[in-house]
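Q: Quick note: the sequence shown uses the UniProt record's numbering, first residue 1, plus one each step.
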Amino acid sequence: MDANIQRFLNDKLYDKRKVGALDLERTIRELIAAKDYAKIEAILDQLCNDYAYAVHQPHARNGGLIGLAAAAIALGPELPKYLELIVPPVLACFTDQDARVRYYACEAMYNIAKVAKGEILVYFNYIFDALCKLGADSELSVKNGAELLDRLVKDIVSESAATYVSVLQQPQDFDGDDKNANDEQLDLPTAFSLQKFIPLLRERIFAMNPFSRTFLVGWITLLDSIPDLELVTFLPEFLGGLLRFLSGSNRDVHVATQGCLDKFLAEIKRIAQVKKGITESKRSREAARQSRKDSIGSGGGRPLEDGDEVDSITANEDDDDVSSEDDWVPGQDVQINYKAILEILTATLDSPLEEDGLLESLRWIVEFLEICPEEVLPFTPKILAHLLPAMASGVESIRQAAARVNNSLMDYVVSLSDEADLVSAPPAATERLNGNASNRASLSSSRDLDLRSPTPAQSRPSERAPTPAVTPLATPQATPQADLDYVAAVNSLTLLFLNDHEATRVAALTWLIMLHRKAPRKVLAFNDGTFPALLKTLSDPAEAVVTKDLQLLSQISRNSEDDYFSNFMVNLLQLFSTDRKLLETRGNLIIRQLCTSLSAERIYRTLADCIEKEEDVEFASIMVQNLNNNLITAPELAELRKRLRNLETKDGQTFFVALFRSCAELEMTVNMLIQIDKLVQLLESPVFTYLRLQLLEPEKYPHLYKCLYGLLMLLPQSSAFAALKNRLNSVSSIGYLHIAPRPYVNSATGNGVSGGGAHLSHSRHGSVAEALAGSPSSTPLPSPTRKSTSGLDTHMLLTRSTATTPSVSTFDRPNRLKGRDDSIIRWTELLEKFRSVQERARRLQRGNTDDASSALSDLRIGGGEAAMDTKGTGREAAGGRAPPVPAKDPPVAAPPAKSRTLGRPFGRLGGAVAGRGKRAQQ
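1) Return the CA-CA distance between residue 362 and residue 397, expressed in angstroms with no decimal places.
2) Give a yes or no on contact between the stretch 189 to 199 and the stretch 154 to 169, applying the rule of three or more CB pairs nearer than 8 Å.
3) Per DSSP, what kind of secondary structure is residue 590 in: helix, strand or coil?
4) Could you name the residues of the same chain whose beta carbon sits closer than 6 Å to that of residue 496, not counting the 5 residues immediately before and after it, in chain order?
5) Let's test the definition: count the other Cβ atoms within 10 Å of the Cβ of residue 686 and tell me whether it reaches 16, buried, or not, exposed.
6) Where residue 674 and residue 625 are concerned, what is the direct C-alpha to C-alpha distance, given to the nearest angstrom?
7) With distances taken from CA atoms, which of 166, 108, 407 and 167 is nearest residue 142?
8) Evaluate the contact criterion for the stretch 597 to 605 versus the stretch 650 to 661: three or more CB pairs, one atom per stretch, below 8 Å.
9) Quick check for students: name the residue ranges of the alpha helix (DSSP H) that lie wholly in the stretch 578 to 660, counting only runs of 4 or more.
10) Applying the 10 Å Cβ sphere with the 16-neighbour rule, what's the burial state of residue 710?
11) I'd like to check one pair, residue 211 with residue 136: are the Cβ atoms closer than 9 Å?
12) Please report the straight-line C-alpha distance between residue 215 and residue 132, rounded to a whole angstrom.
13) Between the stretch 340 to 355 and the stretch 279 to 292, do three or more beta carbon pairs fall short of 8 Å?
14) Compute the Euclidean distance between the alpha carbons of residue 194 and residue 206, then round it to the nearest angstrom.
15) Please state whether DSSP places residue 387 in a helix, a strand or coil.
16) For the putative contact between residue 71 and residue 24, defined by C-beta atoms under 8 Å, what is the C-beta separation to the nearest angstrom?
17) Taking only the alpha-carbon atoms, compute the straight-line gap between residue 138 and residue 493 and give it to the nearest angstrom.
18) From residue 642 to residue 690, what does the alpha carbon distance come to, in whole angstroms?
19) Can you give me the Cβ contacts of residue 67 inside the same chain, cut-off strictly under 6 Å, excluding the 5 residues immediately before and after it?
20) Give every residue of the same chain whose Cβ lies closer than 7 Å to the Cβ of residue 498, excluding the five residues on either side of it in the sequence, and list them in chain order.
21) Between residue 156 and residue 121, is the Cβ-Cβ spacing less than 9 Å?
22) Looking only at C-alpha atoms, which of 219, 333 and 246 sits nearest to residue 275?
23) Smallest Cα separation from residue 217: which of 260, 208, 200 and 660?
24) Is the stretch 247 to 261 close to the stretch 367 to 381, with three or more CB pairs under 8 Å?
25) Looking at the unbroken alpha helix (DSSP H) that takes in residue 501, where does it start and where does it end?
26) Excluding the five sequence neighbours on either side, which residues of its own chain have a C-beta within less than 8 Å of the C-beta of residue 570, listed in chain order?
27) Sort 417, 358, 416 and 367 by Cα distance to residue 399 and report the nearest one.
28) The alpha helix (DSSP H) spanning residue 713 covers which residue range?
29) Are the beta-carbon atoms of residue 612 and residue 661 separated by less than 9 Å?
30) In angstroms with no decimal places, state the Cα-to-Cα distance between residue 721 and residue 715.
31) Leaving out five residues on either side along the sequence, give the residues of the same chain with a beta carbon under 8 Å from the beta carbon of residue 18.
32) Taking only the alpha-carbon atoms, compute the straight-line gap between residue 727 and residue 648 and give it to the nearest angstrom.
33) In whole angstroms, what is the alpha-carbon distance linking residue 684 and residue 732?
34) Please state whether DSSP places residue 417 in a helix, a strand or coil.
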C-alpha cells in the first residue's frame, strides 16, 4: 500500500481512517482494471497481518477493518475469490476487548455482506455464532451494530438460503447445452447448509441470557418460514431448549417462544393431514380401479366395440391417475421424527419446569394423540408416571391440562383391540367415549354389554371377528398398531400408590381397572408384587382410594378361578388379623364393597370356612361380629337376608349351615354380651320391623318368643334388658294365650316319641336350639355355661324360627317329625361341633390370668343357670334346681345361691305357663 494510505489507516481519528479507506478503494479499482490480482492479494495480506490481527494496537485494528471493508466494496463481482482472506480477520475482531473494535467489526462485516450477498452464506455459521454473543454485549453501540448486521444476514438468508450455490462451486465452462448445465447445477451443494447449522443451534439453544434467547427464537422462526428448508425435520434437536425458554421470567422471550412453538405444531398438523389425504386418495383410486376391472371382467359377453370403448376410457382414467399422482403437494415428503419429539416431551414432564413449560408439553401430547396416537402408545408408561401426579397439582390450569391428556390417552387405549378373554371396558372410559367417533362409541357400548354378559370371554371373539372386513378404512390404523407395554405400565401405576395426593392414587387405580379389563392375563397375577400392594392399599386413609382398590380386587377375583378367590379371602383375613386398626376403621366398608362387586353369598361362605379354621378365637369372634353387623344392617345384603329367611330350598339350608358352623367359634364373654346388647338395639330398628310384627302372631311363630326370652336371660340387668323386657311384656299375654302344650303333646305322641307325657308337656320350655331343631328335650345339648350364640347366631336363629315354624293348624299332621328328620340341616351334628369347639375354647381360656378367669367363669355360670332353668320342667322352674342333662358333656354345677337368684326371675316369666302345665298333668 502507499505510505500515505498506511499513515491514514493507523490514525486514531475516524475521519482520517475513512480518507485512507477511500484512497485504498480507488487503488484496488485501478488494480482490478489492470488485472493485477497479485498486488491485490498482497494488499489484502498486509491489511490482515499488519492491521486487523494487530491485537495490542486498537487504532491499527480499526484501520484494518475499515480498509478490508473498502477493499470488499472495490472488488465487487470479484469479491467471492477473496472472501476467505477478508472474512476471518473481521470475525476475529468480534471478540476483541475494546468495544470500539467490536463495533467497527460489525460495521465492516455489514459492508462486506452487503456486497457479497449470497456468497456470505458460506460463512453463515461463524457469523451466526458471533452475532449470538454480540447480542448479549454489555455495550449498547455494539448491540445496535450487531442488530443491523443481523437484519442484513436474515434478508440474505430469506432470499438465497434454499437455492443459492456459490460461484466457487460452479463449473468453469458452460459450453454444453443448457439442459445438461442445469442438471449438473442441481447436484451442487448450496452455500447454506442446514445440516451443518443444526449442531451449532443445538449447542446455543441452552443459552440463559434473554437477549441471546430472543436472537435464537428469531432465527428459528425465520428458518422455519422458508419452505424449502423444512426445519421441522430437525425439531427434536432444539425442542427441549425452546420448552425451557417458556420457564424464563422474560416476557418477550416467552411470547416469541410460544409463537414459534405454535407455528411448529400447526405445521406438523398440516403435514399429517396432507399425508393422510394422499393415503386416502390412493386408496380410493385403487378401489375405483379395482371396481372398473371387475366391471370389465363381468361384461365379457358384450360386443367388441363396447369393449374397445371401455378400454379407451380405462386408459384415459389411468393416465389421469398417473398425472394426479405426479402432482406434488407441499409437505408430502417431509419426515417428522415423532418418536424423538415424544421422548423430549415425556422427559420435560419429569423435569422441574415452570407452569408454562409443563402446560406446553401437555398440550403437545394431546395434539399428538390426535395426529399420531400409535406413536404415543409406546410412551404410555412414562407419560403415566409423570402425568398422574400433575393431576393433583396446585395450579388449576395444569390440573385441567393433565386431565385432558389422561382422558385422551385412556380413550385411545380403550379403543385398541382387546384380548380374546377380555371381560369389559371401564365405565368411566365408556362415558367419555360418548362424544367421540362412532367406532369408539360402538366399541364402548359393546363393552358395556359384555359387562352384563355371563360369559363375555366366549362371546367377544365372534363379535369382533368380522370387524376388519366391514371397516376397511380402519386398516391403516390397525396395521402399524403397537402393543402397549402392560408390564411397564402396571409397574409405573403401582409406584404411584405411594404418592401423597389422593387424586393421583385414584387415577392410578382407575387405569389399572381399565387395563385389567382389557388384558387380564397381562396385567396382574396373584404371585407378583402388585397384588400385595393392592392389599396394602386397603389401609389407605382416603375412602375413594379404598373403594377403587376394592373394585379392582373384586374384578380380579371375579375373572379368576375359585382358588384365586379363596386365596384372596385368606389374605384379606390375614391382613385384618395383623392390622386391627384397619379392621376397626375400614372392615365394614371393605366387606360391603366386596359384596357389592362380587357375590355376597360367595364371600360369606368363603369367609365362614376360613373363620371355622381360624385358631385365634378372639379374632374369629371379632370377624363374626363384623359379619353380623353387615348382614343385619347393610343395604347391600338385603337379598342375602331374604335367603336366610327362606330355608325351604336346599341351597338356602346349606348356606345357613355354613354360616352357623362358623359361629361356633364364639364363647360367652363380656364382648359377646356387648354384641347381644347391640343386637337388642337393632331389634328396635326398622330392619327388624317384620320380626316385631311377627310377635303378634304367636300361633304362627311360637318359637320366636323362646328365642327372645333366651336373649333376655343371657343379658345382665341393663338398658338393653329393660328394652327387650318391655317389648316382650307388651305382647306377653298374647304369647301366653296361644302357646299351649297340647300341639306338642299330640305331635310327639302321634309319632311314637319315647318319654312320658309329663316330660313332653314341658318341652316348650326347652332351649333355643331344641326349639329350632324340633327335637324332644332329652336330646343332648351343650351346656350354656361353655357355649352361647353371638348376635349373628341369634339373628340366624330368629330367621330360622320365623321362616320354618308352621302355624298351629298344621302342627298335628302325622308326618311333621318325619319331615324335620329328613331336613338337610342336621342339628345333632351341629351341636356336636359346638361341644368340640367349646372344649377347645375352654382349654385356651385356662391360659389366662386367675382374676380374668374367675370373672368370666362367674359370668358364664350365671348365664348357664338361667338357660338351664329354662330347660327344666315346670315344677322345677319355679325355684328348684335343674335336673342334670343326660348328655356326653354334663353341665357345670352352679352354687345354690346363684341358682336360686337366677331361677326366680325365670319363674316369674314362665310360672303361669308352667303352672298350667302341671295342673294339666295332674
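All C-beta atoms in this analysis are idealised placements derived from N, C-alpha and C, irrespective of residue type, glycine included.
Computed from a predicted model, the values in this text were never measured in an experiment.
A: Reading off the structure:
1) 11 Å
2) yes
3) helix
4) 388, 504 and 508
5) exposed
6) 10 Å
7) 108
8) yes
9) 580 to 597, 600 to 612, 617 to 633 and 638 to 645
10) buried
11) yes
12) 7 Å
13) no
14) 19 Å
15) helix
16) 6 Å
17) 51 Å
18) 12 Å
19) 9, 21, 24 and 47
20) none
21) yes
22) 333
23) 260
24) no
25) Note, residue 501: premise wrong, no alpha helix (DSSP H); not H, not E.
26) 610
27) 358
28) 702 to 714
29) yes
30) 6 Å
31) 66
32) 29 Å
33) 17 Å
34) coil
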